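J.:
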Amino acid sequence: MTLRPGTMRLACMFSSILLFGAAGLLLFISLQDPTELAPQHMPGIKFNIRPQKPHKDGDVKVSTERVTQDLSSRTPRDLKLQVPDQPQLYPKTGARLRPRQRRRRLLIKKMPAAVAIVANSSSETLAPPGHQAPDSHWVKLHRSQQERKRVMREACAKYRASSSRRPVTPRHVSRIFVEDRHRVLYCEVPKVGCSNWKRVLMVLAGLASSTADIQHNTVHYGSALKRLDTFNRQGILHRLGTYTKMLFVREPFERLVSAFRDKFEHPNSYYHPVFGKAILARYRANASREALRTGSGVRFPEFIQYLLDVHRPVGMDIHWDHVSRLCSPCLIDYDFVGKFESMEDDANFFLSLIRAPHNLTFPRFKDRHSQEARTTSRITHQYFAQLSALQRQRTYDFYYMDYLMFNYSKPFADLY
Numbered sequence: 001m002t003l004r005p006g007t008m009r010l011a012c013m014f015s016s017i018l019l020f021g022a023a024g025l026l027l028f029i030s031l032q033d034p035t036e037l038a039p040q041h042m043p044g045i046k047f048n049i050r051p052q053k054p055h056k057d058g059d060v061k062v063s064t065e066r067v068t069q070d071l072s073s074r075t076p077r078d079l080k081l082q083v084p085d086q087p088q089l090y091p092k093t094g095a096r097l098r099p100r101q102r103r104r105r106l107l108i109k110k111m112p113a114a115v116a117i118v119a120n121s122s123s124e125t126l127a128p129p130g131h132q133a134p135d136s137h138w139v140k141l142h143r144s145q146q147e148r149k150r151v152m153r154e155a156c157a158k159y160r161a162s163s164s165r166r167p168v169t170p171r172h173v174s175r176i177f178v179e180d181r182h183r184v185l186y187c188e189v190p191k192v193g194c195s196n197w198k199r200v201l202m203v204l205a206g207l208a209s210s211t212a213d214i215q216h217n218t219v220h221y222g223s224a225l226k227r228l229d230t231f232n233r234q235g236i237l238h239r240l241g242t243y244t245k246m247l248f249v250r251e252p253f254e255r256l257v258s259a260f261r262d263k264f265e266h267p268n269s270y271y272h273p274v275f276g277k278a279i280l281a282r283y284r285a286n287a288s289r290e291a292l293r294t295g296s297g298v299r300f301p302e303f304i305q306y307l308l309d310v311h312r313p314v315g316m317d318i319h320w321d322h323v324s325r326l327c328s329p330c331l332i333d334y335d336f337v338g339k340f341e342s343m344e345d346d347a348n349f350f351l352s353l354i355r356a357p358h359n360l361t362f363p364r365f366k367d368r369h370s371q372e373a374r375t376t377s378r379i380t381h382q383y384f385a386q387l388s389a390l391q392r393q394r395t396y397d398f399y400y401m402d403y404l405m406f407n408y409s410k411p412f413a414d415l416y
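Just so we're aligned, residue 1 is where the sequence shown starts under full-length UniProt numbering, counting upward by one.
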């Protein structure tokens, strides 16, 4: 069958239109800027980059970004650890940029900051130290952080679900110290290296050149570091949403014994007259006049009686209060949870994540009573051996949420 000239002309025109359309689509895709296709880091969306295991040739490949939507009503979420710095995306200063490069730089400048600002949490995108690929030690520390935060959140979801729905008040953040230069919030837990941590914050803030130069009284009684509750509500929420929040915890019985040794076994112009006198008057039969006058000589079983008494003659103190009360971890989702038992590794890992100066490391010196041995598990057991099985059980019950939330095992086999 022979086609008429008009029909052939129409078929050729239609084929040409299809070819031009396909060519135009290919050209559009090839010229499309990759940054326009990348997901934007907006509130509620987090970028997860997980380091993969090293390949046989020794190099570490970095997995592609996985974007996950945070649909939870609780706002705080993970500290996101990023892989090392990537090569420059554009030439050195002074080099002339091609149109596509100029457009890419403009897009990058306009992209939202790599911090998801949610009501009272932040999702900091931090990088490991230096410009090297993450090694196995870095990966281990990163996974340890993920596991600690998972355990903490599960305990909160199970036992303190209502806490996450409460609004943040100044009382909830009264133990949190602020370091604005590196955008750090540190919740102070006494007897967990808090003196040295405040020294570190002062160096980060440029208030001192070395942690060794800062005296104990300057750390605890000076006003160099600001507390979060000194800011207005907008300032509090802004910092909770954009700063890196961290706390350090310790085995609860060990922390309790450390506090007792520090406050009651050494001369103390505050704890002896305020706590010691009240404890001796209530719990020691036939206390001497001298003991009642000075408040000195409180024994550990007497101190435990005071701690467990619902009608205490004197209130609680931050040195033996629960971490769950001091730092409100079920309301404020901390980005970094360190432990006293692995202080050196955890502290210096955290400092590398916030890009602290390379010469700044966590100090090792003992702040007070430097000639006295640190409170260890062995020393803790010696003190708790002075108690009855019932007293040990009740003390464990008292700190049960801290044991559960921070994944500490039972210190005695007969506890349930």
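Built from N, CA and C at the ideal position, the CB exists for glycine as well. Since this is a predicted model, take the numbers as computed values, not measurements.
Do Ala278 and Pro313 have their C-beta atoms within less than 8 Å of each other?
T.: Cβ distance < 8 Å, so Ala278 and Pro313 count as in contact.
J.: Buried or exposed for Ile304, please, with buried defined as at least 16 other CB atoms from any protein chain shown within 10 angstroms of its CB.
T.: It counts as buried.
J.: Name the one or two DSSP bridge partners that Ile176 has.
T.: Paired residues: Cys187.
J.: Per DSSP, which one or two residues make a beta bridge with residue 418?
T.: In this structure the chain extends from 1 to 416, so residue 418 is not present and cannot be described.
J.: When the Cβ atoms of the stretch 193–211 are set against those of the stretch 358–369, are three or more pairs found closer than 8 Å?
T.: Short answer: they touch.
J.: Thinking just about the alpha-carbon of each residue, which of Pro170, Phe406, Met202, Arg153 is nearest to the one in Glu341?
T.: Residue Phe406 is the option with its Cα nearest to Glu341.
J.: For a test of the three-state rule: what should DSSP assign to Thr169, helix, strand or coil?
T.: Thr169 falls in the coil class under three-state DSSP.
J.: Are the CB atoms of Ile176 and Arg199 within a distance shorter than 8 Å?
T.: Taking 8 Å as the Cβ cut-off, Arg199 and Ile176 do not qualify as a contacting pair.
J.: Applying the 10 Å Cβ sphere with the 16-neighbour rule, what's the burial state of Ala347?
T.: Flag for Ala347 reads buried.
J.: Counting only runs that start and end within the stretch 225–278, where is the beta strand (DSSP E) found for 3 or more residues in a row?
T.: Counting only runs of 3 or more, we get 244–249.
J.: From the DSSP output, which residues share a beta bridge with Gly338?
T.: DSSP output for Gly338 lists Phe248 as bridge partner(s).
J.: Taking DSSP as the reference, what is the three-state secondary structure of Gln371?
T.: Correct three-state label for Gln371: coil.
J.: For the alpha helix (DSSP H) that Pro301 lies in, which residues bound it at each end?
T.: Per DSSP, Pro301 belongs to the alpha helix (DSSP H) from 300–308.
J.: What are the start and end residues of the alpha helix (DSSP H) that includes Arg199?
T.: 194–204 is the span of the alpha helix (DSSP H), which, as asked, contains Arg199.
J.: Please state the DSSP three-state secondary structure of Ser15.
T.: Ser15 falls in the helix class under three-state DSSP.
J.: Could you have a look at Met343 and say whether DSSP puts it in helix, strand or coil?
T.: Three-state DSSP puts Met343 in a helix.
J.: Along the chain, where does the alpha helix (DSSP H) containing Trp320 start, and where does it finish?
T.: It is not in any alpha helix (DSSP H) - Trp320 carries neither H nor E in the DSSP assignment.
J.: Could you tell me whether the Cβ atoms of Gly295 and Leu280 are closer together than 8 Å?
T.: Result yes, Cβ atoms of Gly295 and Leu280 sit closer than 8 Å.
J.: One question on the structure: do Ser164 and Cys327 come within less than 8 Å of each other, judged by their Cβ atoms?
T.: No, they are not a contact pair.
J.: Going by CA-CA distance only, name the one from Arg150, Phe264, Glu179 that's closest to Gly206.
T.: Comparing Cα-Cα distances from Gly206 to each of Arg150, Phe264, Glu179, the minimum goes to Glu179.
J.: Please classify Gly235 as buried or exposed, where buried requires at least 16 other C-beta atoms within 10 Å of its C-beta.
T.: Counting Cβ neighbours within 10 Å, Gly235 comes out exposed, since fewer than 16 surround it.
J.: Can you tell me whether Val310 is buried or exposed, with buried defined as 16 or more other CB within 10 angstroms of its CB?
T.: That one is exposed.
J.: Taking DSSP as the reference, what is the three-state secondary structure of Ile332?
T.: Coil at Ile332, not helix or strand.
J.: Confirm, please, whether the CB-CB distance from Pro170 to His319 is below 8 Å.
T.: Not in contact: His319 and Pro170 (Cβ atoms no closer than 8 Å).
J.: For Ile332 versus Lys226, is the C-beta spacing smaller than 8 Å?
T.: Result no, Cβ atoms of Ile332 and Lys226 do not sit closer than 8 Å.
J.: What do you get for Ile354, buried or exposed, if any count of 16 or more other CB atoms within 10 angstroms of its CB means buried?
T.: That one is buried.
J.: Taking only heavy atoms of the ligand GDP into account, decide whether any of them is closer than 7 Å to the Cβ of Val219.
T.: Looking at this structure, you won't find the ligand GDP or any other ligand, since it has none at all.
J.: Quick check: the Cα distance between Val139 and Arg166, rounded to an integer number of angstroms?
T.: Looking at the two C-alpha atoms, the distance is approximately 34 Å.
J.: Of the residues Gln371, Ser136, Asp317, Gln391, which one's Cα is nearest the Cα of Ala259?
T.: Of the listed residues, the one whose Cα sits closest to Ala259 is Asp317.
J.: State the CB to CB distance for the pair Arg255 and Val192, rounded to an integer number of angstroms; the pair is presumed to be in contact (CB under 8 Å).
T.: Confirmed, Cβ separation roughly 7 Å.
J.: Would you decide whether Met13 is buried or exposed? Buried here means 16 or more other CB atoms lie within 10 Å of its CB.
T.: Counting Cβ neighbours within 10 Å, Met13 comes out exposed, since fewer than 16 surround it.
J.: Give the C-beta separation of His322 and Tyr416 to the nearest angstrom, bearing in mind that I take them to be a contact with Cβ-Cβ under 8 Å.
T.: About 20 Å; that fails the 8 Å criterion.
J.: For Gly338, count neighbouring Cβ atoms within 10 angstroms of its own Cβ and tell me buried if that reaches 16, exposed if not.
T.: It counts as buried.
J.: Since Phe384 and Arg392 should fall inside the 8 Å C-beta cutoff, what is the C-beta to C-beta distance between them, to a whole number of angstroms?
T.: So it is a contact: roughly 6 Å between Cβ atoms.
J.: In angstroms with no decimal places, state the Cα-to-Cα distance between Leu387 and Phe350.
T.: Taking the straight line from one Cα to the other gives about 38 Å.
J.: Might you give, ordered along the chain, the residues of its own chain that have their beta carbon closer than 7 Å to the beta carbon of Arg325, omitting 5 neighbours on each side?
T.: Around Arg325: no qualifying Cβ.
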